[in-house]
Structures are given as structure tokens and as C-alpha cells.
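Take the sequence shown: its position 263, counted from the start at 1, is 263 in UniProt numbering, and no numbers get skipped.
A virtual CB, placed ideally from N, CA and C, is assigned to each residue, including glycine.
Remember, it's a predicted structure, so these values are computed and weren't measured experimentally.
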Amino acid sequence: MSGAVLLERERLTSGTTWHTAGLLWQLRPSDVEVELLAHTRRVVSRELEEETGLHTGWIQNGGLFIASNRQRLDEYKRLMSLGKAYGVESHVLSPAETKTLYPLMNVDDLYGTLYVPHDGTMDPAGTCSTLARAASARGAQVIENCPVTGIRVWTDDFGVRRVAGVETQHGSIQTPCVVNCAGVWASAVGQMAGVKVPLVAMHHAYVVTERIEGIQNMPNVRDHDASVYLRLQGDALSVGGYEANPIFWEEAVKSRTGAAGGLCLKTSTVKGCTVCSDDLRRA
Ligand SMILES: Cc1cc2nc3c(=O)[nH]c(=O)nc-3n(C[C@H](O)[C@H](O)[C@H](O)COP(=O)(O)OP(=O)(O)OC[C@H]3O[C@@H](n4cnc5c(N)ncnc54)[C@H](O)[C@@H]3O)c2cc1C
């Protein structure tokens, strides 16, 4: 870690991270993802706190995947087997068992659910500042309000382009290695070194409900067929979804309100709220 420098053009978390839902689901169809997520969970729920003495804000309320058809339930049974191989505890529940776990849920049209008790929610600010604290303690440097304005490259004798340094308004840093972690701006940073980053950003929205009696301590819910999630937020829910016809970044920035580099959009730009009807059916 010693010698590593993190350059942030504004403040830490000012990109996508500050308004992430922060949901961590450990079971995914790819075994690489399962391993990465299990590692992330260990770091966020235990190791960072042990190392820094700071709480990351991790909440372990569990995760519940909804199967509204037979094929989806079969997929969840396969995920449970995959989880067994990687030490991730999970349970396939019947509709009646799901109702016992989550009494507020409408289970009439369910085939079953997959319950992962050690899933949970990350707090973006807490996780980020604890990570920064741990990195600094190991010799890394975090420099905020310092945009990268250019990346110097040179071509070696074999025609391979290599990094020579990073330019900022406050000076340059000589380095043979740059990690591009600029999120939705990664394409712009990649271009500075002549690298095309295959990344397309699109608008994503969620709605926060008012207080719901009895929702406290319930697991987060993901319905893959309806493309929605319900995240526990204290005694309310934030409800988000992935639209079939999303708004792409170029279109989204035209209607930005200006907060956090244009990532906060007017609610009027949320198309037709196709997500909400599926969420309300479940509640
Ligand atoms: C509404 C919403 C809900 C989400 N829910 C979830 C979820 O439940 N679970 C999940 O896993 N993920 C979720 N995500 C996705 C998750 O938030 C992102 O994948 C994650 O925050 C990306 O982090 P990052 O550090 O890569 O990017 P960012 O947080 O965007 O950080 C990139 C940073 O680069 C900086 N930067 C840009 N250009 C430069 C430059 N030239 N020089 C220096 N710095 C620069 C920016 O200021 C920014 O701070 C959600 C996202 C949204 C929007």
C-alpha cells in the first residue's frame, strides 16, 4: 500500500457511491462474483472494523430473492448449491415459510424464495471513510479536490504503450502504474491514456417510502423477474428497479440538477415509473 496515491477530483464518495443503495447479495450466478462478494462482506462487516476501530455502518438484515415462477425457483436452488461450495449459508423457503419470515409480504403468487441470512447493506460513507483510514495507516495517501487532468504515456521498443505519470492542476506524479477507478467517468480518464473503456452509464432511480409499521429488521428483497429491489431503510423502504428502456448518461446529464457532478436527476425524468407497479404488488 505504501506509495499508493488516491487522487479524487472532489470529495471521497462524491461520485456514484454517495447515493448507492449499498445492497450486498452474496449469491450470484458466477463463482468469481460469489468469492469477491464473500471477501467484500468479510472486509466490511469485520476486518475493517478490527483494523481501524471504526464501524463501517454494515447492517446484516439478510437478503431474500423472490421466485415468481418455477424456473426462477430452480435457479435459486442451484444458487443455494453454489453457496454451499463457497460457505455461504442460504435456505430455499416455501411461500408459507416466507410469510413467517416476512409477515408484511404478499406471497400469494410466489413459488418460493431464497433467504441468505448473512446478506446486508453497506453504508457508503462509512465504508469509504473506513477504507481510506485503513489505507492511510498502511502508507497510502488520499488527496481530495485534485482532478487528474492528463496521463503521460510512452511507447517502448516493442510498441507497447506504457504509463509514465499523472498530471494534475497541482503538479504531476511519476508512476508506471495507474488504476482507473473513476466510475462513470472512467471512459474520460481512460481516454487521457488513449485507452477505450467499454463502459456505458445509465440513469438509475429509487423511491424512499414513508414509515411502514412492522418493516423493521426485515431482509432486503430482490425480485429478478420484476427487476426491482426493496431495501430496508430504518423503518421505511427504498424501492429501486432496472428499467427495460433506461435513460443513457448523455440524455440524463441534459436534465441534471447539478448536485454531485450531475448524478442527481429531477424526479420528473424518471420514465413512467414502470418499476413501481411491480413493487406495490409485492408489498
Ligand atoms: C441509485 C443507485 C443504487 C445502487 N445500488 C447498489 C447496490 O445496492 N449494490 C451495489 O453493489 N451497487 C449499487 N450501485 C452501484 C454502486 O453505487 C457503484 O458501483 C459504486 O458506487 C461505484 O463506485 P466507484 O468508486 O467505482 O465510482 P464512484 O463512486 O462514482 O467514484 C468515482 C470517483 O472518481 C472521481 N473522478 C472522476 N473523474 C476524476 C478525475 N478526472 N480525477 C480524479 N477523480 C475523478 C469522482 O469524483 C468520483 O468520486 C448503485 C448505484 C446507484 C446510482
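Measuring only the C-alpha atoms, how far is residue i from residue j?
i: L36; j: L24; result: 11 Å
i: G261; j: A188; result: Per-residue confidence for G261 stands at a pLDDT of 40, beneath the threshold of 50, marking its modelled position as unreliable; the derived number appears in the next sentence. One C-alpha to the other measures close to 14 Å.
i: A236; j: A164; result: 50 Å
i: G214; j: W249; result: 38 Å
i: Y115; j: I173; result: 48 Å
i: N220; j: H170; result: 44 Å
i: M105; j: L73; result: 18 Å
i: C177; j: H204; result: 32 Å
i: P29; j: L79; result: 7 Å
i: residue 314; j: R222; result: Outside the displayed span of the chain (1 to 283) sits residue 314, for which this structure offers no information.
i: residue 290; j: K99; result: There is simply no residue 290 to check, as the chain begins at 1 and stops at 283 in what is shown.
i: H19; j: P95; result: 33 Å
i: L54; j: T13; result: 17 Å
i: G62; j: R231; result: 10 Å
i: G15; j: R41; result: 22 Å
i: E167; j: R9; result: 12 Å
i: M218; j: Y102; result: 6 Å
i: G258; j: T121; result: At G258 the pLDDT is 44, less than 50, meaning the model places this residue with poor confidence; the figure from the coordinates comes in the next sentence. Each residue's Cα considered, the two are about 27 Å apart.
i: L93; j: D108; result: 14 Å
i: A135; j: S129; result: 10 Å
i: residue 284; j: R161; result: Residue 284 lies beyond the stretch modelled for the chain, which goes from 1 to 283, so this question has no answer here.
i: A226; j: R70; result: 15 Å
i: L110; j: P117; result: 20 Å
Let's test the definition: count the other Cβ atoms within 10 Å of the Cβ of residue i and tell me whether it reaches 16, buried, or not, exposed.
i: Y86; result: exposed
i: F158; result: exposed
i: A182; result: buried
i: W154; result: exposed
i: A137; result: exposed
i: P124; result: buried
i: G83; result: buried
i: G139; result: exposed
i: G3; result: exposed
i: A67; result: buried
i: S81; result: exposed
i: T149; result: exposed
i: G234; result: exposed
i: Q26; result: buried
i: D119; result: buried
According to DSSP, what are the bridge partners of residue i?
i: P223; result: One point to set straight first is that residue 223 is Asp, not Pro, in the sequence displayed. Beta-bridge pairing links D223 to V228.
i: I59; result: T121
i: S238; result: V208, R231
Could you check how far apart the C-beta atoms of residue i and residue j are, in whole angstroms? I think they sit under 8 Å.
i: V44; j: T52; result: Not confirmed; about 12 Å, so no contact.
i: V228; j: G241; result: 4 Å
i: I151; j: M192; result: 4 Å
i: V197; j: A186; result: 5 Å
i: N180; j: G190; result: 6 Å
i: L131; j: L48; result: 7 Å
i: V5; j: Q141; result: 5 Å
i: A38; j: Y206; result: Contact flag wrong, Cβ pair sits at about 26 Å.
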